[in-house]
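**Student:** For the sequence shown, the residue numbers in numbering that gives the first Met the number 0 are 0 to 307.
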Amino acid sequence: MDRDVLVREVGLRDGLQAVDTFFPTEAKKAWIDSEAAAGVHEIQACSFVPRSTFEQFSDASEIVAHATNHQGLLVSVFTPNVKGAERAIAAGAHRLGHVTSASESHNQNNLRRSVGDSMDDFERIVALRNELSDPETTSISGCVATAFGCTIEGAVDPDAVVRLASRYVELGADELVLADTVGYGNPDQVKKLFVRTGAEVGDIPIAAHFHDTRGLGLANVCGALDAGVRAFDASLGGLGGCPFAPGATGNIVTEDLVFMLEAMGLRTGIDLDALVAVRDILEREMPDEPLHGAIAAARVPKGFAVAN
Ligand code: ZN
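1. Where do the ends of the beta strand (DSSP E) carrying Asp232 lie?
2. Taking the C-alpha atoms as reference points, what is the distance between Asp116 and Ser100?
3. Under 8 Å, Cβ to Cβ, is there at least one residue of chain C near Asp287?
4. Taking the runs of the beta strand (DSSP E) that are 3 residues or longer, which of them lie wholly in the segment 179 to 252?
5. For Thr99, list the residues DSSP reports as bridge partners.
6. Which runs of the alpha helix (DSSP H) spanning at least 4 residues fall entirely within the segment 58 to 130, listed in chain order?
7. Looking only at C-alpha atoms, which of Glu282, Ala247, Val155, Ile151 sits nearest to Gly214?
8. Thinking C-beta only, is Arg266 closer than 8 Å to Asp1?
9. Considering only heavy atoms of the ligand ZN, does any lie closer than 7 Å to the CB of His208?
10. Could you check the C-alpha separation between Asp211 and Leu11 for me, to the nearest Å?
11. Which term fits Leu217, buried or exposed, when burial requires 16 or more other beta carbons within 10 angstroms of its beta carbon?
12. Check for me: the beta strand (DSSP E) holding Val6 runs from which residue to which?
13. For Thr180, verify whether its CB is less than 7 Å away from any heavy atom of the ligand ZN.
14. Under 7 Å from any heavy atom of the ligand ZN, does the C-beta of Asp225 make it?
15. Name the one or two DSSP bridge partners that Gln43 has.
16. Spatial neighbours of Glu199 within its chain, please: C-beta separation below 8 Å, excluding the five flanking residues on both sides.
17. Confirm, please, whether the CB-CB distance from Phe258 to Ala223 is below 8 Å.
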């Protein structure tokens with residue numbers, strides 16, 4: 000494998016989820032096609048939420064059907080409940096993402112159910128997957144949201160995070176994600192929590208999901224790298240923003256993440272110039288949506304060489 004770190008594009012899900020205007024289906028397909036061509040190995044393509052509540056994802060099945068035409072592209076999706084998981088499996092998604100917040104009030108606020116109810120849902124999703132598919136064809140990812148802090152409760156107890164992560168693994172998760180949903184984490188905290196969670200849950204891949212709300216996104220990637228994490232979610236142009244902080248950045252910027260990893264000697268398998276060029280699609284379709292990113296603005300430094 001010519002890759003040391005997996006960079007998972009989540010802009011089409013986490014980014015577009017925060018955009019009110021419908022992003023045209025054909026443009027979503029072009030975004031996926033261009034990132035796949037740039038060497039992105041995994042794309043979280045959409046969310047299987049009720050069509051009535053999220054018009055942005057009303058074309059989810061069509062998007063997955065299109066994305067799975069790319070040989071070698073891992074197509075992951077977001078499935079908050081059993082109904083969504085059923086539609087996602089039928090559409091042919093390769094990875095189902097489920098999320099539960101480590102803080103009870105955030106889970107209530109975000110998903111309108113208790114942490115316990117969310118885990119019951121997850122158990123049903125695993126059972127459904129086992130009935131309709133298998134872990135090789137359709138893997139399931141359990142994401143612990145607000146793992147590094149919560150806009151409602153403030154500090155989040157690391158014990159609660161580790162407990163939830165362990166529960167996900169007990170119930171059959173194939174991958175774990177620890178998410179700094181609201182951009183509260185710092186590199187020291189990130190390193191410690193990933194080390195601790197890894198020690199607790201044993202041999203299961205753990206990915207990191209950072210938001211750059213307070214400017215520490217890439218610093219937190221370094222904290223996670225120190226803890227041995229080798230999979231990161233990121234969003235093209237840092238699309239997404241934060242509902243509590245108008246103008247703030249969203250997920251860490253995919254282009255800047257790829258630049259940093261390659262500069263550090265870690266191969267991503269992604270062509271940086273080709274990736275930066277994909278921003279044109281977003282700028283064309285959403286001229287009013289702010290895009291972030293240092294590499295798109297300043298370009299790579301003179302003499303920059305990709306990892307090999
Ligand atoms: Zn997020």
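Glycine included, C-beta positions come from ideal geometry on N, C-alpha and C.
In this text the structure is predicted, and so the values were computed from the model without any measurement.
**Tutor:** Concretely, from the data shown:
1. 230 to 233
2. 12 Å
3. Judged by its chain identifiers, the structure shown contains no chain C, having just a single protein chain.
4. 205 to 209, 230 to 233
5. Val143
6. Listed in chain order, they are 59 to 66, 81 to 90, 103 to 110.
7. Ala247
8. yes
9. Because some heavy atom of the ligand ZN lies under 7 Å away, the Cβ of His208 counts as near it: yes.
10. 17 Å
11. buried
12. 5 to 8
13. For Thr180, the distance from the CB to the nearest heavy atom of the ligand ZN is below 7 Å.
14. no
15. Ser75
16. Val161, Ala164, Ser165
17. In this structure, Ala223 sits away from Phe258, with a CB-CB distance that is not shorter than 8 Å.
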